[in-house]
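Student:
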Amino acid sequence: MMTSILTGIGLLLLFEGLGPLLMPKGWQQMLRLLSDQPAEQLRRIGGSLVVAGTVILWMVSRW
Numbered sequence: 033m034m035t036s037i038l039t040g041i042g043l044l045l046l047f048e049g050l051g052p053l054l055m056p057k058g059w060q061q062m063l064r065l066l067s068d069q070p071a072e073q074l075r076r077i078g079g080s081l082v083v084a085g086t087v088i089l090w091m092v093s094r095w
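Here the numbering used here = 1-based position in the sequence shown + 32.
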C-alpha cells in the first residue's frame with residue numbers, strides 16, 4: 033500500500049514538474065489566467081479534478 037502511495041506521489045510530482053521545466057513562459061501565462069478566474073470557477077475546476085481522480089482510482093482498484 034505504501035509503495036503505491038509513494039509511486040502515485042512520485043508520478044504526480046513528475047508530471048507537475050514537466051510544465052515549468054519544458055514551457056516556463058507558457059506555464060506562467062496559464063497561472064496568470066487561472067488566478068484571474070472567479071473563486072467559484074476555480075472551485076468547479078477543483079471539484080471536477082477530484083471527481084475525475086476518484087473515478088480513475090476506483091477503476092484501477094477494480095481492475
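Every residue, glycine too, gets a C-beta built ideally from N, C-alpha and C.
1) Under DSSP, the alpha helix (DSSP H) around Trp-90 begins and ends at which residues?
2) Can you name the start and end residues of the alpha helix (DSSP H) that Met-62 belongs to?
3) Among the residues of its own chain, which have a CB less than 7 Å from the CB of Ile-37, if the five just before and after it don't count?
4) Consult DSSP for Met-34 and reduce its assignment to one of helix, strand or coil.
Tutor: The short version:
1) 71–94
2) 56–67
3) none
4) helix
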